[in-house]
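J.:
Residue numbers (our numbering), protein chains in the order written: chain A, 1 to 118; chain B, 1 to 1029.
1. Can you find the residues in the same chain that come closer than 7 Å, C-beta to C-beta, to residue 372/B, ignoring five residues on each side of it along the sequence?
2. Taking CB distances under 8 Å as the criterion, tell me whether residue 3/A reaches chain B.
3. Compare the C-alpha of residue 21/A against each of 72/A, 71/A, 82/A, 56/A and name the closest.
4. Leaving aside the five residues before and after residue 173/B along the sequence, list all residues of the same chain whose C-beta is less than 8 Å from its C-beta, in chain order.
5. Check the Cβ-Cβ distances between residue 78/A and every residue of chain B, and say whether any is below 8 Å.
6. Among 61/A, 33/A, 91/A, 26/A, which has the Cα closest to the Cα of residue 46/A?
7. Flag this pair as yes or no: are the beta carbons of residue 99/B and residue 285/B separated by less than 8 Å?
8. Just to confirm the assignment: which complete alpha helix (DSSP H) runs, minimum length 4, are found wholly within the segment 725 to 799 of chain B?
9. Quick one: residues in its chain with C-beta nearer than 6 Å to the C-beta of residue 318/B, no 5 flanking neighbours on either side, listed in chain order?
10. Report the neighbours of residue 350/B on chain A: residues whose CB is nearer than 9 Å to its CB, in chain order.
11. I'd like the span of the alpha helix (DSSP H) that includes residue 44/B, first residue to last.
12. Can you tell which of 650/B, 898/B, 840/B has the C-alpha that lies nearest to the C-alpha of residue 733/B?
13. Pick from 932/B, 252/B, 192/B: whose alpha carbon is nearest that of residue 493/B?
14. Please decide whether residue 460/B counts as near chain A, where near means a Cβ-Cβ distance under 8 Å.
15. Which runs of the beta strand (DSSP E), 3 residues or longer, sit entirely within the segment 188 to 213 of chain B?
16. What are the residues that DSSP puts in a beta bridge with residue 990/B?
17. Which partner residues does residue 1013/B have in the DSSP bridge list?
18. Is the beta carbon of residue 179/B closer than 8 Å to that of residue 264/B?
19. Under the rule that 16 or more other beta-carbon atoms within 10 Å means buried, what is residue 855/B, buried or exposed?
20. Do the segment 944 to 957 of chain B and the segment 982 to 1000 of chain B touch if we need at least three Cβ pairs shorter than 8 Å?
21. Taking the alpha-carbon of residue 631/B as reference, which of 647/B, 453/B, 618/B has the nearest alpha-carbon?
22. Identify, in the order they occur along the chain, each residue of the same chain with its Cβ nearer than 6 Å to the Cβ of residue 958/B, setting aside the five sequence neighbours on each side.
23. At what residues does the alpha helix (DSSP H) containing residue 443/B begin and finish?
24. Which bits of chain B does residue 86/A rub up against, with CB to CB less than 8 Å?
25. May I ask you to list, following chain order, the residues of the segment 677 to 711 of chain B that have a beta carbon less than 7 Å from some beta carbon of chain A?
26. Name the residues in the segment 52 to 66 of chain A whose C-beta lies less than 8 Å from a C-beta of chain B; which are they?
27. Out of curiosity, what's the CA-to-CA distance linking residue 745/B and residue 918/B?
28. Quick check: the Cα distance between residue 597/B and residue 562/B, rounded to an integer number of angstroms?
29. Got a sec: which bits of the segment 30 to 41 of chain A sit with their beta carbon under 8 Å from any beta carbon on chain B, in order along the chain?
30. To the nearest angstrom, how far is the alpha carbon of residue 473/B from that of residue 221/B?
31. Would you report the Cα separation of residue 102/A and residue 232/B, rounded to the nearest angstrom?
32. Cβ of residue 28/A less than 8 Å from any chain B Cβ?
33. Which bits of chain A does residue 736/B rub up against, with CB to CB less than 7 Å?
34. Helix, strand or coil: which one does DSSP assign to residue 123/B?
35. Quick check on the DSSP output: the beta strand (DSSP E) that includes residue 658/B runs from which residue to which?
36. Using the beta-carbon count (16 or more within 10 Å), is residue 1009/B buried or exposed?
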């Protein structure tokens, strides 16, 4: 269960108080009539599903009722930052040089196989 | 040894640190009475009494006994409880503390585990039940599976749930700490001491009743005292500190995101099969602690890994360390003559303990060619015969298969996976094995961290992958670190580092003095080769709980299962309550051998919560019965109850459904049926006057200079011209053009509106308004407040509504001065009220809104004056009939998220020319929403007037076509109308608006086919004259 810092309440609260609302920074086209069927379809239905850094819209539903954004690593579920509406993320997939990322799954070269000559 | 407990060591043996011989307890197992002592586990007490067969195995129904001494026990699973209500299935006898009067049964076996008929299947059917047996045998014909399943489920299964309700109560506790230490062995205790010394809040939990873990049966000395004494000193120091919470009998079962851990504390399960009372109040049986912590220190230790050899499931086969545990903690030596088979030095302790406890060690088969550690020297000095380069290849059983009768040991070639020399048969009653240790990585795996293999310790340890969470340390044997001195040092260093990362100075702690034994290196051995090939050798079990054999894994790989996850699912290895604690590593090693891979190439399966089973009571806590879900009542709820209302759940609201009355024509005082009540209520509204408690409608107060602009963007219709004092029906779409809600919004002032929503949609619509305001249009100054609970709504409707209300209000109700779709402020029954002249029935209606806590007085005043007008209370069912007669939709019943306003025939409610591109507008011109064959809302009139079509019934155009027929729509609302004296329905039909007058068909499951005519959706008063009288 997530432990989420609400940037308006300025407190960590339990996930039970929040609702996720999908991908953040989906801007509604300013002039929908000028938007093609395809572009409108993309706006309505198509969302990213990255492995790694993801920006999400959440609402502090049973708290301050404010919407805000979370930057979250979808592999570890680590919340890298939370920020208010209208603000830009400080961490993005490009800037996230997570130290852990360099740690590859270690596989011993010297592992032996029982019953199979090495 | 006492006669009643033949395997219990004498009191002068010095063994049995956990038991209290002054407190004998009696208990019953499979109907037979036994004696044990306070401090015993059920397993130790059964072993003390010489009970070998505790259960029958899951698939082959083979007799099984105790194998281990803790959470990893796969066999000794029992059904607990003296009474029906107290039944608890799947209790590990090794984890169940003994109490006086404990009653347990085997979970498998018919008629019982000793004399099992199903065992014939295992004995004779065994070779015919290979892996995938059920998949292969019962797969065809598919229709027969339900028949087979009934018998298969009966033959299998692990215990049963009680059929009476649980008398016990359970708690949930939210807890917060800086350091949570899981496990109280040497690494856990040391970690807790360091953390506690720094002053931070520490929780230390351990699944056992006594803290100390492996120290409790270790032969080591720490700081000059026995290890168990050092442990109890440490626990005493921790217990004296205010910042430390000690939770014994508490299992950390799940490790979730952001250092959230669930701990299951068994508070009374060692006292009785239901919780005892304290000061007359029943104690909670168990607690689920929901812990949020800065740091998790995982000190869950390691499970000893048994070897896989033929006959390794016969009672009398144990993991080596369990012998030391039973001897040292419980003074139980479960046999006379022991043969030990090992790959490492550590297991020699078991043989030495066995001998010290008066048992005979027949031989130690050591898989290593030249074992030379200190413990080996001690065994030699004790005169124990050591056979090197060899292993137990098979345990033989007595005639019934109830106990080990001997061990076949032979020289083995590990590399070549073959028996390389003579095989010798030794007579014995106990075979203990050790293939090394498997760190308990389960909790680490819950976080998504894949374990990594370490060849130096021959085990998986929690990995350091990209997903490793912050604030998580693994110490001691769980990290693959075994020598006590080294692991204490490492634990101190890790906890100090963790605290320092939070800016907390940790006290430096002196590492205790520990004698370190010179240990020889271990050898990698998992499955012991037999003199027959695996497929033909007697069964070599890998997963004892799920009856998975080495041959099954070999067969699975031969049949093409290469991924260990697939092998797991095909064979059921590591399933169920066991979660592969003893068997998984062996299984992976066997799969690796068969596939010609290394273990790391083969990988592990994923361990999931819970680590051990948690009873449902603990999961539910107090959230049951009336506390399961909140119930919402309106201000008139008590009146509804007193007047016999039947209630309907709408969201969390309890709404009157209908008000059955005593039948006038019946002297016995029989009540009306629902149909009769609804017909009466409908007639009352259409002919006189009815009143509905409509308080549950969602109400959102909208204020601000931009409120009107906001409404214009969120609703499909126009709001710029709505004058103060007027109300308007509005339709709300999502941006995909589909209708999501509807309701009437009134203009209270130029910058103040009151929006009503559907009862079920109130919370979602408030969030909907907020998300658009906060994310897209923050420049609009507008504020939203839910006022659903503040206002009660009393809907007066029917031709007499005006006459009745006029008696109670100072508002001028004249039809020309207070017009339809207007509202007025005034007093009703002496209470300030807003009265709306809007109608959901088609009749003349006044919706009276008053402050909720005055509402009951107003409601009663209406009835005080209403009798002469025939005032009748009506419920939601009548409301549905009346609104459907008028073709008024219910969002969520007549719509399903795929209906546009035009599909509903409501283009009159769409402002195509509004300046702002309101929500949903763009989508209404997409090619899909322009299709002419979309499902459209129509009315259906059954040809047979008495037929009420089934809601959800599918509609076809040609009932003669072959099945599957082409379905063109379905019924959304259907009722019987007393006004029309006819069944009628609303439905969605493809291209329905152009099918007026056509005939459609509704084939029913019973073979009957109803016929109906497509008509307009307004059945009654199509010109809307009745609401305007």
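The beta carbon of each residue, even a glycine, is placed where N, CA and C say it ideally should be. Source: prediction; values computed, not measured.
T.: Reading from the atomic positions:
1. Here residue 372/B refers to the residue found at position 372 when the second chain is read from its first residue. Hits under 7 Å: 520.
2. Counted from its first residue, the first chain places residue 3/A at position 3. For residue 3/A, the answer is yes, since a Cβ of chain B falls inside 8 Å of its Cβ.
3. In the first chain, counting from the first residue as 1, residue 21/A sits at position 21. Residue 56/A is the option with its Cα nearest to residue 21/A.
4. As a working note, residue 173/B is residue 173 in the second chain. The beta carbon of residue 173/B lies closer than 8 Å to those of 287, 288, 289, 290 in the same chain, with the five residues before and after it left out.
5. On the first chain, residue 78/A is found 78 positions in, with the first residue counted as 1. Taking Cβ atoms only, chain B reaches closer than 8 Å to residue 78/A, which makes this a yes.
6. In the first chain, residue 46/A corresponds to position 46, counting from 1. When C-alpha distances from residue 46/A are compared across 61/A, 33/A, 91/A, 26/A, the shortest belongs to 26/A.
7. On the second chain, residue 99/B is found 99 positions in, with the first residue counted as 1. On the second chain, residue 285/B is found 285 positions in, with the first residue counted as 1. 8 Å or more divides the Cβ of residue 99/B from the Cβ of residue 285/B.
8. Runs of the alpha helix (DSSP H) inside the segment 725 to 799 of chain B: 762 to 771.
9. For the purposes of this step, residue 318/B is taken as the residue at position 318 of the second chain. Sequence-distant partners of residue 318/B (beyond 5 residues in either direction) whose C-beta falls short of 6 Å from its own C-beta, in its chain, are 67, 432.
10. Taking the first residue of the second chain as 1, we reach residue 350/B at position 350. Neighbours of residue 350/B on chain A: none; closest Cβ ~24 Å, over 9 Å.
11. Here residue 44/B corresponds to residue number 44 of the second chain, with the count starting at 1. Per DSSP, the unbroken alpha helix (DSSP H) holding residue 44/B starts and ends at 42 to 48.
12. One-based indexing of the second chain puts residue 733/B at position 733. For residue 733/B, the nearest C-alpha among the options comes from 898/B.
13. Taking the second chain and counting its residues from 1, one reaches residue 493/B at position 493. Nearest option by C-alpha distance: 192/B.
14. Your numbering for residue 460/B matches position 460 in the second chain. Residue 460/B does not count as touching chain A.
15. Counting only runs of 3 or more, we get 202 to 205.
16. Sequence index remark: in the second chain, residue 990/B carries index 990 (1-based). For residue 990/B, the pairing in a beta bridge is given by DSSP as 935/B.
17. The residue you call residue 1013/B lines up with position 1013 of the second chain. Per DSSP, 941/B, 999/B.
18. Locating residue 264/B in the second chain gives position 264, counting from the first residue. Locating residue 179/B in the second chain gives position 179, counting from the first residue. Not in contact: residue 264/B and residue 179/B (Cβ atoms no closer than 8 Å).
19. The residue given as residue 855/B occupies position 855 in the second chain. Counting Cβ neighbours within 10 Å, residue 855/B comes out buried, since at least 16 surround it.
20. Result yes; three or more Cβ-Cβ pairs closer than 8 Å.
21. Translated into positions along the second chain, residue 631/B becomes position 631. Ranking the options by Cα distance to residue 631/B, first place goes to 647/B.
22. In the second chain, the residue the question calls residue 958/B occupies position 958. For residue 958/B, there are no CB contacts under 6 Å within the same chain when 5 residues up- and downstream are skipped.
23. Here the question's residue 443/B lines up with position 443 in the second chain. Per DSSP, residue 443/B is one residue of the alpha helix (DSSP H) stretching across 442 to 446.
24. As a working mapping, residue 86/A is identified with position 86 in the first chain. Listed along chain B, the residues sitting closer than 8 Å to residue 86/A by beta-carbon distance are 778.
25. Within the segment 677 to 711 of chain B, no residue has a Cβ that lies closer than 7 Å to any Cβ of chain A.
26. Of all residues in the segment 52 to 66 of chain A, 57, 59, 61, 65, 66 have a Cβ within less than 8 Å of some Cβ in chain B.
27. By 1-based counting over the second chain, the position of residue 745/B is 745. By 1-based counting over the second chain, the position of residue 918/B is 918. Roughly 17 Å between the two C-alpha positions.
28. For this step, residue 597/B is matched to residue 597 along the second chain. For this step, residue 562/B is matched to residue 562 along the second chain. Roughly 10 Å separates the two Cα atoms.
29. For the segment 30 to 41 of chain A, which is checked against every Cβ of chain B, the residues closer than 8 Å are 31, 32, 33, 35, 37, 40, 41.
30. For the purposes of this step, residue 473/B is identified with residue 473 of the second chain, where counting begins at 1. For the purposes of this step, residue 221/B is identified with residue 221 of the second chain, where counting begins at 1. If I take the Cα positions, the gap works out to 27 Å.
31. What you label residue 102/A is simply residue 102 of the first chain in a count that begins at 1. What you label residue 232/B is simply residue 232 of the second chain in a count that begins at 1. Because the pLDDT of residue 102/A is 37, which lies under 50, any placement of that residue in the model is unreliable, and the question is left without a value.
32. The sequence position of residue 28/A within the first chain is 28, counting from 1. Judged by the 8 Å Cβ criterion, residue 28/A is in contact with chain B.
33. Counting from 1 along the second chain, the entry for residue 736/B is found at position 736. What residue 736/B touches in chain A: 44.
34. Translated into the one-based positions of the second chain, residue 123/B becomes position 123. With a pLDDT of only 47 at residue 123/B, under 50, the local geometry of the prediction cannot be trusted, and no value is derived from it.
35. Indexing the second chain from 1 puts residue 658/B at position 658. First-last of the beta strand (DSSP E) with residue 658/B: 653 to 658.
36. Counting from one through the second chain, the residue named residue 1009/B turns up at place 1009. Exposed: under 16 other Cβ atoms inside 10 Å.
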